[in-house]
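A.B. asks: In terms of the working numbering, the sequence shown opens at residue 218 and continues consecutively.
Beta carbons are placed, not taken as given, at the ideal position from N, Cα and C, and that holds for glycine.
Structure below; questions to follow.
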Amino acid sequence: MADCLHIDANCPYVVEEARLHAIGGMVDIKSWPDYMRKAEITIVDTTEVVPGESHQDACDMPCCESRLKFQIWDPNTYRNLVGIHPNARDPRYFVRNALHRHGTKSNMSLEEAEAFFERVKEVAESVKERGVHAQIIAVSDYMHKHENHLGSRPLSEAVNPVFLWGIFHPLAAPKWWKDNCYWIKYDSADTGAEVWMYDERLFDREKIDGQDFKSLNPEGIIPCVDSKGVFRRVERAHGNASEGFNLRGILKPIEDRVFLLKGPTHFLDIREVSYHAHEHYWGESGIGFSDTLEFPHEE
Ligand SMILES: [Zn+2]
Numbered sequence: 218m219a220d221c222l223h224i225d226a227n228c229p230y231v232v233e234e235a236r237l238h239a240i241g242g243m244v245d246i247k248s249w250p251d252y253m254r255k256a257e258i259t260i261v262d263t264t265e266v267v268p269g270e271s272h273q274d275a276c277d278m279p280c281c282e283s284r285l286k287f288q289i290w291d292p293n294t295y296r297n298l299v300g301i302h303p304n305a306r307d308p309r310y311f312v313r314n315a316l317h318r319h320g321t322k323s324n325m326s327l328e329e330a331e332a333f334f335e336r337v338k339e340v341a342e343s344v345k346e347r348g349v350h351a352q353i354i355a356v357s358d359y360m361h362k363h364e365n366h367l368g369s370r371p372l373s374e375a376v377n378p379v380f381l382w383g384i385f386h387p388l389a390a391p392k393w394w395k396d397n398c399y400w401i402k403y404d405s406a407d408t409g410a411e412v413w414m415y416d417e418r419l420f421d422r423e424k425i426d427g428q429d430f431k432s433l434n435p436e437g438i439i440p441c442v443d444s445k446g447v448f449r450r451v452e453r454a455h456g457n458a459s460e461g462f463n464l465r466g467i468l469k470p471i472e473d474r475v476f477l478l479k480g481p482t483h484f485l486d487i488r489e490v491s492y493h494a495h496e497h498y499w500g501e502s503g504i505g506f507s508d509t510l511e512f513p514h515e516e
């Protein structure tokens with residue numbers, strides 16, 4: 218169904234949607250008053266949905282939830298209506314998920330990936346007369362068209378260039394970055410990497426309290442090396458409220474690299490940092506172009 222994932226084909230919501238679809242009817246979106254959409258049913262491949270994992274966009278009718286026992290996060294309608302769910306205050310539990318495939322938009326050799334990031338300069342130059350705002354968007358679009366979102370399957374299956382998107386979070390960062398960021402747990406000094414990112418599908422962040430960096434289980438943790446000094450050049454917004462970053466770069470096997478945390482098989486050679494802060498502060502920093510700006514921006 219167009220709005221959320223249902224597992225049971227006989228779910229009352231699915232039955233009603235199918236009835237409307239058969240007569241070419243429209244569906245009233247209650248949370249969005251003046252909007253109607255066509256009744257529609259879409260079949261979705263759920264082989265990568267892991268039983269137990271938290272799922273945001275899923276039907277919370279017992280018939281659906283009991284078939285694939287996900288944790289419902291941000292429940293939509295039914296539970297709230299009948300009062301059987303305390304909403305988003307449920308404790309969330311960790312389920313290891315090594316099922317998600319890596320993105321396949323591109324398949325570049327190390328040299329090709331290097332050239333890809335070097336072309337950012339040209340991309341930014343081509344819209345220079347329209348201002349920094351246009352340049353940030355152009356760089357971001359260029360990345361988006363070619364980058365591969367990292368999945369949770371073994372990193373040896375991933376192809377370049379890669380994007381550590383929103384499901385990846387910093388575990389350790391340099392002290393100069395970390396000082397104002399309470400959400401980064403460890404200082405990366407002397408660990409062999411500038412930044413350590415973890416995949417929330419593989420690494421249980423809740424479990425690390427009181428643990429020494431060296432004793433962590435490296436599964437889902439990726440060392441990120443800033444060999445081109447990109448991360449260091451990121452311009453940050455003043456105030457540092459709710460700021461964050463996503464990294465793009467070239468994934469390389471660890472051969473003779475030495476890291477303090479033993480066990481990772483690959484590291485990310487950072488080539489581009491996408492920075493965000495508050496609700497609308499955004500920047501792209503890389504080899505050929507680096508800038509940060511408030512959006513929307515009046516020219
Ligand atoms: Zn349902």
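#1: What I want to know is whether the C-beta of Y295 ends up closer than 6 Å to one or more non-hydrogen atoms of ligand 1.
#2: Rounded to whole angstroms, what's the CA-CA distance from M218 to E270? Just pull it up for me.
#3: Note down, in chain order, each residue of its chain lying with its Cβ closer than 6 Å to the Cβ of F380, except the 5 sequence neighbours on either side.
#4: With C-beta atoms as the reference, is D486 less than 7 Å away from K469?
#5: Using only alpha-carbon positions, find the residue among E282, Y310 and E335 that is nearest to F420.
#6: Output the boundary residues of the beta strand (DSSP E) element that contains K286.
#7: Is the beta carbon of G503 less than 7 Å from the beta carbon of V344?
#8: If we require 4 or more residues per run, which alpha helix (DSSP H) segments fall completely within the stretch 382 to 459?
#9: Under 7 Å Cβ to Cβ from V232, same chain only, skipping five residues before and after it: list those, please.
#10: Quick one: does the C-beta of C281 sit closer than 6 Å to a heavy atom of ligand 2?
#11: Fully enclosed by the stretch 350 to 383, which alpha helix (DSSP H) runs are 4 residues long or longer?
#12: With 16 other CB atoms within 10 Å as the buried threshold, where does D396 fall?
#13: Per the DSSP calculation, S502 is bridged to which residue(s)?
C.D. replies: Reading from the atomic positions:
#1: no
#2: Only weak support exists for where M218 lies, its pLDDT of 45 falling under 50; the value from the coordinates is given anyway. Near 20 Å, if we compare the C-alpha coordinates of E270 and M218.
#3: E364, H366 and R465
#4: yes
#5: Y310
#6: First-last for K286: undefined, no H or E at that position.
#7: No. Outside cutoff.
#8: 392 to 395
#9: none
#10: Ligand 2 is not among the ligands present in this structure, which contains only ligand 1.
#11: The alpha helix (DSSP H) runs lying completely inside the stretch 350 to 383 and spanning 4 residues or more number zero.
#12: exposed
#13: V490 and S507
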